[in-house]
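So the structure is just underneath, and the comments pick up after that.
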Amino acid sequence: MRIPLDWLREFVPVPAEHRAEDVMADLVRVGLEEEDVHRPAAELQGPIVVGQVLSKEPEPQKNGKTINWCSVRVVPEGAAQPLTGEGIEPSGVQGIVCGAHNFEVGDKVVVALPGAVLPGDFRISPRKTYGHVSAGMIASSTELGMGDDGTDGIIVLGDLGLDPEPGTDARDVLDLHGEAAEINVTPDRGYAFSMRGVAREYAHATGVPFTDPAAAVHPPAADDAGPAVRIDDDAPIHGEPGATRFVARTVSGVDATRPTPPWLAARLRLAGIRTISLPVDISNYVMWELGQPLHFYDADTLSGEIVVRRARAGETLTTLDGKERELDPEDLLITDDSGPIGLAGVMGGAATEVTDATTTIVVESANFDPVSIARTRRRHRLPSEASKRNERGVDWEIADEAAERAVQLLVELAGGTAEPGVTDVGTRPQPAVVEMAADFPSALVGVAYTTDEVVETLRALGAEVAVAEAAADVAPRLTVTAPSWRTDLRIPEDLAEEVARLRGYDAIPSVVPVAPPGRGFTRRQAQRRRVSAALAAAGLTEVLAYPFVSEEQNRRFGADSDAQGQALAMVALANPIASQYRYLRLSLLPGLVETARRNLGRGFRDLALYEMGLVFLPGAQLGSATIPPRAVHPSAEVLADLEAGIPAQPWHVAGLYAGHDSAPGPDHDPRPVDWQDAIAGALDVADVLGVELTVRQGRHHAFHPGRVAELVVVTEHGDRVVGVAGELHPQWLEAEDLPARTSVWELDLDALCAAAPEIVVAAPLSTFPVSTQDVALVVDEAVVAGDVRATLAEGAGELLEAVELFDVYRGAGVPEGRKSLAFSLRFRAPDRTLTAEEVSEARAAATALAAQRHGAVQR
């Protein structure tokens, strides 16, 4: 929104010395955002004067173009030569080549003389062209930086109703010395899309008096003599009628060909509006001044009664931009007996457009439902200045004032006559009434506003405030009736924001709140943070993947081999972002694999990734998950039903390793990652939480058959599988073009956190020496090494500190179908040095139990 300063000064006393930057600084204090400063004359330098065409000689060229060789007087005839400089003729008559043809001999034009500089650092100097030395340029509005005036030629001052003396500074004639401040208006403050609204905000910011331009207009009372108008909206959107008020006036005897007065044209140009014709310019001027969009109809093209209604099936409308549009039943229309003649509040129709031949104009000043206008504008991709204001809410109280203002300008500037009769139909909306405690703004903002300050501020805003009596220690209740131009004030929070805004955002202190004792992370939050920090410290990179997956991804990673062929419960999305990703994930692994594939495709060959997030396990849902109706508080039963319909959403953590464990280097060959890395990563997570995981041979159809482990937590209630780790299936890796031996792990983090002790206590360090014993046991191939390890740990007793498998041997000396497992047993006592006999006895007990359970024989 551009604010011409001279226009703004009509409604608020802006100091004469204030520039656009000063005005924007004042408006920023009340929440309007500064955008830019516009000074058309700032880029114009040197002699730019009024010239009179003395001769015009058309000269066809070989390229098919015709140029005009012109003589132009740039000083008053008979006057002493006031202009000097290189290329300026002493006679005051310049020879100029011009390619435009929209002027004749005797016309007054704008001439940029040698030495002038136009926008874009375009410097004017004498130059030879088309066989002549052209000493200047006859300028168009675009070349002067005034914007596109819709014509293809130069500025003819007579067409603007101007007849200045040759040699007059054209910047004064065209009023190019003005400046405008451009502000950004947020969507909730549509009233600021007008000089009236911005002037009111400037008054709030500076404390100066505000003169309401609408108050200076005194429309006649409505009667039955105006144009026939009927509102017939039988399909309102969200219960609100499409049109709430429609004011119509008629002006006859209009001369639409009259030029737009320079003062009005200059203001519109400075506001960023292209001048088109006098009636259209008047309509735009009133809209910019008061914020009320208007539309003018050529009365001779109307047939019968004007009706505001919804579109019917099959109807079309050719709008003012020349496009034929298929209408939707939700579109609100302006119609007459011939059919649609306009998209209400958005754009008029071409059939009733005001042209140069128009002599009688029907003025429309109406209020429309913002939601309806916004939907129509988006549906037809048809933004306009009118829709910009209508979809944000327009002051319904000034519809008649805006119509009267337009009538006055049509009478004054276009020579029209205001016809008797004023149409004013519809039901004005009721202003919003909000009840609020007087101390609510203080409680919300954190500034101690007194009741008087709150009341004074809201009344300055234009609201009506009634104060209810209250006890001495209780804040009074306020009943606030919002002004008609503030359709955004609906709830107490809106009023509190206005109090804070108008009392000054700079009055709100920056105070760091004191954290109440006992607050902070919950136990689960702290546990998740410890896990994430440990994985990052171990060299893994955290990634965040979308939780949306395909059915195939859920079947591959969301169930073990026992679930093949069975229906797998999944949460389906009603509106998926892509047709193939129709479900919420049952596992984090699909997202990790997709992320790895994307990074591998971009040249990253060695990856270590992890993700922590929610998975969605529907199970047996008992609730309906039906959304309750709006505007009705749901009952406890409805809330319970909704809660029952929400799937379980436990936290999981997962990791992926691909490529090698490190980068290659001199004398260093990196090791390819494998299932051991996956198991080690999962064990690290459990170790951080103080949970002991048991690793067992597992089965999962997405993993290598012999290189997958299930991760188990042993509790007093039995064993619980909390995760899986291993290498992905080689056939699937090859089909998906992933590195061989890509390994992954996934843990139910909620289950691990639940099994974790309240306090993780580090084991005491013994100062006594360790004693190590190795044992090699021959067992059948079917015996799992992990089971043998657990048996040795059980049999060795409390002196055993650790037991590790360090070798598996098959070959000479070991019978066919059997294998040798070599373990290292480490013994230590916390209070003494162990004797050789104690260590031997413990080792013997361990091997004896392995022989009993697994048929193990020492090598």
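For the sequence shown, UniProt numbering begins at 1 and goes up steadily by one. Don't be surprised by glycine CBs; every beta carbon is placed ideally from N, CA and C. Since this is a predicted model, take the numbers as computed values, not measurements.
Residues near residue i in its chain [Cβ-Cβ closer than 6 Å; skip 5 each side]
i	result
Ser-252	Thr-360, Thr-417, Glu-419
Arg-200	Phe-210
Pro-126	Gly-87, Pro-114, Val-133, Ala-135
Val-433	Thr-481
Val-307	Arg-230, Asp-232, Thr-335
Thr-206	Asp-26
Sub-8 Å separation of residue i and residue j beta-carbons
i	j	result
Val-72	Thr-168	no
Val-254	Ala-357	no
Ile-282	Leu-409	yes
Tyr-285	Asp-26	no
Val-722	Leu-752	yes
Pro-279	Val-354	yes
Leu-614	Val-543	no
Asp-424	Ser-484	no
Asp-793	Val-803	Checking the displayed sequence, the identity of residue 793 turns out to be Ala instead of Asp. In contact: Ala-793 and Val-803 (Cβ atoms closer than 8 Å).
Ala-291	Tyr-130	Inspection of the sequence shows that residue 291 is occupied by Gly rather than by Ala. No, they are not a contact pair.
Ala-180	Leu-270	yes
Leu-588	Phe-616	no
Gly-349	Thr-318	yes
Leu-825	Ala-796	yes
Val-111	Ile-155	no
Leu-799	Ala-836	no
Val-455	Leu-489	no
Phe-103	Gly-153	yes
Ala-735	Ala-709	no
Glu-43	Gly-197	no
Residue range of the beta strand (DSSP E) that includes residue i
i	result
Arg-249	243-252
Val-511	Val-511 -> no beta strand (DSSP E), and no H or E assigned at all.
Pro-4	2-4
Val-363	361-368
Element boundaries [alpha helix (DSSP H), containing residue i]
i	result
Ala-235	Ala-235 -> no alpha helix (DSSP H), and no H or E assigned at all.
Asn-284	278-290
Glu-804	Glu-804 -> not in any alpha helix (DSSP H); beta strand (DSSP E) instead, spanning 800-809.
Gly-795	785-796
Leu-409	399-414
Met-24	20-28
Phe-557	551-557
Leu-592	589-601
Val-722	That residue, Val-722, is in no alpha helix (DSSP H); its beta strand (DSSP E) goes 718-728.
Pro-58	Segment 48-60 is the beta strand (DSSP E) holding Pro-58; no alpha helix (DSSP H) there.
Local Cβ density within 10 Å of residue i, reported as buried at 16 or more and exposed below that
i	result
Glu-727	buried
Arg-2	buried
Asn-367	buried
Val-714	exposed
Ile-231	buried
Ala-214	buried
Trp-263	exposed
Lys-108	buried
His-668	exposed
Tyr-297	buried
Beta-carbon contacts of residue i that lie in its chain and below 7 Å, excluding the five residues immediately before and after
i	result
Val-346	Ile-373, Thr-376, Arg-377, Leu-382, Ser-384, Ala-386, Ser-387
Thr-301	Ala-351, Thr-352
Gln-564	Residue confidence for Gln-564 is low, a pLDDT of 49 falling below 50, so the modelled location carries little weight; the figure read from the coordinates is stated next. Counting only Cβ-Cβ distances below 7 Å, and skipping sequence neighbours, we find His-701.
Ala-496	Phe-440, Pro-441, Leu-444, Val-445
Val-691	Val-713, Leu-752, Ala-755, Ala-756
Gly-681	Gly-655, Trp-745
Pro-476	Ala-438, Thr-451, Val-467, Ala-468, Glu-469, Ala-470
Contacting residues, own chain, Cβ-Cβ under 8 Å from residue i (five flanking each side not counted)
i	result
Thr-316	Glu-324, Arg-325, Glu-326, Leu-327, Pro-340
Arg-258	Gly-161, Leu-278, Leu-413, Ala-414, Gly-415
Val-105	Val-53, Leu-54, Ser-55, Lys-56
Val-93	Leu-54, Ser-71, Val-72, Arg-73, Val-74
Ala-596	Leu-607, Leu-609, Leu-656, Ala-658, Leu-738, Thr-742
Contact between the stretch 162-178 and the stretch 115-134: three or more CB pairs below 8 Å? no
Give a yes or no on contact between the stretch 178-189 and the stretch 26-34, applying the rule of three or more CB pairs nearer than 8 Å. yes
Measuring CB atoms only, is the stretch 449-458 touching the stretch 240-252, in the sense that at least three cross pairs come out at less than 8 Å? no
contact_flag[the stretch 703-711, the stretch 668-680] where n(CB pairs < 8 Å) is 3 or more: yes
Does the contact criterion of 3 or more C-beta pairs under 8 Å hold for the stretch 391-404 versus the stretch 218-230? yes
Any 3 or more C-beta pairs closer than 8 Å across the stretch 543-555 and the stretch 571-585: yes
Check whether the stretch 776-789 and the stretch 644-656 touch, using three or more Cβ-Cβ pairs below 8 Å as the test. no
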